[in-house]
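Participant: First, the structure itself, so that you have it in front of you.
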Amino acid sequence: MSISLSSLILLPIWISMAQIQQGGPDEKEKTTALKDLLSRIDLDELMKKDEPPLDFPDTLEGFEYAFNEKGQLRHIKTGEPFVFNYREDLHRWNQKRYEALGEIITKYVYELLEKDCNLKKISIPVDATESEPKSFIFMSEDALTNPQKLMVLIHGSGVVRAGQWARRLIINEDLDSGTQIPFIKRAMDEGYGVIVLNPNENYIEVEKPKIPVQSSSDSSDEPAEKRERKDKVSKETKKRRDFYEKYRNPQREKEMMQLYIRENGSPEEHAVYVWDHFIAQSAAEKVFFVAHSYGGLAFVELMIQREADVKSKVTAVALTDSVHNVWHQEAGKTIREWMRENCCNWVSSSEPLDTSVESMLPDCPRVSAGTDRHELTSWKSFPSIFKFFTEASEAKSSSPKPALTRRSHRIKHEELRNNIGGKLKTSFYPSP
Numbered sequence: 104m105s106i107s108l109s110s111l112i113l114l115p116i117w118i119s120m121a122q123i124q125q126g127g128p129d130e131k132e133k134t135t136a137l138k139d140l141l142s143r144i145d146l147d148e149l150m151k152k153d154e155p156p157l158d159f160p161d162t163l164e165g166f167e168y169a170f171n172e173k174g175q176l177r178h179i180k181t182g183e184p185f186v187f188n189y190r191e192d193l194h195r196w197n198q199k200r201y202e203a204l205g206e207i208i209t210k211y212v213y214e215l216l217e218k219d220c221n222l223k224k225i226s227i228p229v230d231a232t233e234s235e236p237k238s239f240i241f242m243s244e245d246a247l248t249n250p251q252k253l254m255v256l257i258h259g260s261g262v263v264r265a266g267q268w269a270r271r272l273i274i275n276e277d278l279d280s281g282t283q284i285p286f287i288k289r290a291m292d293e294g295y296g297v298i299v300l301n302p303n304e305n306y307i308e309v310e311k312p313k314i315p316v317q318s319s320s321d322s323s324d325e326p327a328e329k330r331e332r333k334d335k336v337s338k339e340t341k342k343r344r345d346f347y348e349k350y351r352n353p354q355r356e357k358e359m360m361q362l363y364i365r366e367n368g369s370p371e372e373h374a375v376y377v378w379d380h381f382i383a384q385s386a387a388e389k390v391f392f393v394a395h396s397y398g399g400l401a402f403v404e405l406m407i408q409r410e411a412d413v414k415s416k417v418t419a420v421a422l423t424d425s426v427h428n429v430w431h432q433e434a435g436k437t438i439r440e441w442m443r444e445n446c447c448n449w450v451s452s453s454e455p456l457d458t459s460v461e462s463m464l465p466d467c468p469r470v471s472a473g474t475d476r477h478e479l480t481s482w483k484s485f486p487s488i489f490k491f492f493t494e495a496s497e498a499k500s501s502s503p504k505p506a507l508t509r510r511s512h513r514i515k516h517e518e519l520r521n522n523i524g525g526k527l528k529t530s531f532y533p534s535p
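Under my numbering, read the sequence shown as residues 104 to 535, first letter to last.
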């Protein structure tokens with residue numbers, strides 16, 4: 104049985120405490136001192152001494168993994184799926200390894216968006232200077248010029264970036280379920296322009312600058328001999344502190360600071376910025392949104408801030424397990440009415456795909472995504488979403504513009520909604 108270095112360090116202390124506790128009342132003071140010593144030891148930090156270096160490969164090949172023809176991540180030599188617990192009893196190290204692989208996955212998906220989907224990477228803010236922090240989105244060649252249809256994709260919160268629904272799915276399942284690529288390819292095949300938002304890319308991280316410590320002799324009127332003694336003590340103290348810090352936390356990571364991206368410092372800001380500078384400027388007569396999880400909240404916030412513009416340009420919105428809340432976000436009555444007529448939320452549920460699900464909120468209809476796993480809701484509802492968009496597009500095209508009143512649109516929508524539930528037989532939603 105292997106014994107960690109931290110256990111060896113603490114073992115003498117534990118033995119001493121056991122011996123002292125067997126003594127009489129006179130030993131209480133020693134016991135208190137030892138307990139105080141133990142309370143000052145950060146066991147989590149001490150355990151880091153046993154970790155291998157946090158030095159991971161920066162390529163999939165370095166990790167000895169690759170995506171096979173089915174889009175599944177597999178070990179190059181064994182063919183096995185990704186193993187999280189690469190080293191037993193080193194959860195922090197395994198987590199750091201997983202995060203390092205995740206960053207490689209993010210770059211890999213970016214490459215697929217450009218090379219496999221033929222999207223363009225567009226830097227934002229559009230008027231950014233050379234030195235200021237920047238983010239980016241992805242667009243198809245015809246995103247702004249397509250006169251008919253435009254599809255906008257918004258992922259949820261967390262570590263995911265443009266083109267992803269869930270990193271966990273990409274690593275443990277496959278690219279189809281975890282990325283937005285199937286949506287992008289089908290949208291382009293059906294004549295949509297495409298814009299892929301990047302709402303979590305809100306800042307860049309840079310190493311925190313070290314503030315030099317001024318010597319006390321620079322500003323003191325004390326005698327030279329006293330200043331020299333103080334400086335000597337200060338240097339010795341710093342030396343001991345640095346030595347202790349190196350011992351206590353040998354894997355200490357760099358101190359970083361965040362520089363936020365102008366007008367894109369949050370998912371909500373990002374959605375409004377992309378709307379103002381791209382979507383609102385597009386030639387498309389019909390705009391469609393697919394928004395997952397927190398992306399749904401960002402869309403509702405966009406509606407609150409740009410209500411009239413969104414209503415005039417957006418034809419339909421597909422939400423997947425959206426976390427929006429019309430009460431907390433203070434969405435007005437007219438927004439809630441528009442959402443009931445033009446949105447549908449595919450939520451995590453054990454019910455069959457497209458089965459109606461009750462809601463306590465007075466906004467859009469909720470139907471089952473055919474899975475109770477939150478991260479899978481976009482992929483599982485994929486065919487239903489395109490059916491939903493096709494039906495909404497046809498309804499808008501077939502109706503004369505003067506006849507498109509709120510009441511007539513609501514009646515049409517309610518007719519379609521009434522067919523949701525149990526076994527669906529309408530062309531609006533496919534059978535499970």
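We treat Cβ as the ideally placed atom computed from N, Cα and C, and that holds for glycine.
At the level of alpha carbons, what is the spacing between P155 and W430?
Facilitator: Cα-Cα distance, rounded: 49 Å.
Participant: Measuring alpha carbon to alpha carbon, tell me which of D277, F166, A374, W449 ends up nearest I179.
Facilitator: Of the candidates D277, F166, A374, W449, the one whose C-alpha sits nearest the C-alpha of I179 is F166.
Participant: For G205, which option in V262, Q175, S280 has the closest C-alpha, if you only look at C-alpha atoms?
Facilitator: Ranking the options by Cα distance to G205, first place goes to V262.
Participant: Tell me which residue opens and which closes the beta strand (DSSP E) that A421 is part of.
Facilitator: 417 to 423 is the extent of the beta strand (DSSP E) around A421.
Participant: Using DSSP's beta-bridge definition, name the partner residues of G296.
Facilitator: L253.
Participant: Under 7 Å, do H427 and G399 count as touching if we go by C-beta distance?
Facilitator: The answer is yes: Cβ separation under 7 Å.
Participant: Can you look up L272 in the DSSP assignment and give me helix, strand or coil?
Facilitator: Here L272 sits in helix by DSSP.
Participant: Closest by CA to T181, which one among G174, A169, D192?
Facilitator: Nearest option by C-alpha distance: A169.
Participant: Kindly list the residues whose CB is nearer than 6 Å to the CB of K436, restricted to its own chain and excluding five residues on each side of it in sequence; keep chain order.
Facilitator: Correct list: empty, nothing qualifies.
Participant: In terms of DSSP beta bridges, what is E304 paired with?
Facilitator: Answer is none; E304 lacks a bridge partner.
Participant: Are the beta-carbon atoms belonging to E371 and A401 less than 7 Å from one another?
Facilitator: Contact flag set, yes.
Participant: Tell me the rounded alpha-carbon separation between V297 and A374.
Facilitator: Their backbone Cα atoms lie some 15 Å apart in a straight line.
Participant: Could you give the DSSP three-state label for T437: helix, strand or coil?
Facilitator: Residue state, collapsed to three classes: helix.
Participant: Grab me the residues of A394's own chain with a C-beta within less than 6 Å of its C-beta, minus the 5 sequence neighbours each way, in chain order.
Facilitator: Result list for A394: I257, F402, L422, in chain order.
Participant: Per DSSP, which residues does Y168 bridge with? Please list them.
Facilitator: Beta-bridge pairing links Y168 to H178.
Participant: Taking the beta strand (DSSP E) that W430 belongs to, which residues open and close that run?
Facilitator: Premise fails: W430 is in no beta strand (DSSP E) and is neither H nor E.
Participant: For the alpha helix (DSSP H) containing S198, list its first residue and its last residue.
Facilitator: Sequence inspection shows Gln at residue 198; the Ser mentioned does not correspond to that position. From DSSP, the alpha helix (DSSP H) with Q198 extends over 194 to 218.
Participant: Taking 8 Å as the limit between beta carbons, can you name the residues of its chain near F239, skipping five residues before and five after?
Facilitator: Excluding sequence neighbours, F239 sits near K224, I225, S226, I227, A265, N301, E304.
Participant: Closest by CA to L176, which one among Q283, D277, S234, A383?
Facilitator: Nearest option by C-alpha distance: D277.
Participant: Run through DSSP, which three-state label would Q267 get?
Facilitator: The answer is strand: DSSP assigns Q267 an E or B state.
Participant: Have a look at S320 and A327 and give me their C-alpha separation to the nearest angstrom.
Facilitator: Unreliable placement is indicated for S320, whose pLDDT of 47 sits below 50; no coordinate value is reported for it.
Participant: Which whole-angstrom value describes the C-beta separation of W196 and W482, a residue pair presumed to lie in contact below a C-beta threshold of 8 Å?
Facilitator: W196 to W482, Cβ: 31 Å. No contact.
Participant: What residues match up with T282 in a beta bridge as DSSP calls it?
Facilitator: Bridge partners of T282: Q267.
Participant: Less than 7 Å between C-beta atoms, sequence neighbours within five positions excluded: which residues of the same chain meet that for K288?
Facilitator: Cβ neighbours of K288 beyond the five flanking positions: C220.
Participant: Within its chain, find whatever has a CB closer than 7 Å to the CB of W441; leave out the 5 residues flanking it on each side and keep chain order.
Facilitator: The answer, listed in chain order, is K414.
Participant: Measuring alpha carbon to alpha carbon, tell me which residue in S462, T209, M291, R476 is nearest L253.
Facilitator: Checking every option, the nearest Cα to that of L253 belongs to M291.
Participant: Note down, in chain order, each residue of its chain lying with its Cβ closer than 7 Å to the Cβ of Y189, except the 5 sequence neighbours on either side.
Facilitator: So the qualifying residues of the chain are N197, R200.
Participant: Would Q283 be called buried (16 or more neighbouring beta carbons within 10 Å of its own) or exposed?
Facilitator: With 16 or more Cβ atoms within 10 Å of its Cβ, Q283 is classed as buried.
Participant: Determine the burial state of L362: buried for a count of at least 16 other Cβ atoms within 10 Å of its Cβ, exposed for fewer.
Facilitator: With fewer than 16 other Cβ atoms within 10 Å, it is exposed.
Participant: Is the Cβ-Cβ distance between F241 and F391 less than 7 Å?
Facilitator: Taking 7 Å as the Cβ cut-off, F241 and F391 do not qualify as a contacting pair.
Participant: With DSSP as the reference, identify every bridge partner of C446, one or two as the case may be.
Facilitator: Answer by DSSP bridge pairing, in chain order: V420.
Participant: Taking the alpha-carbon of V299 as reference, which of P285, E308, V309 has the nearest alpha-carbon?
Facilitator: If we check each option's Cα against that of V299, P285 comes out closest.
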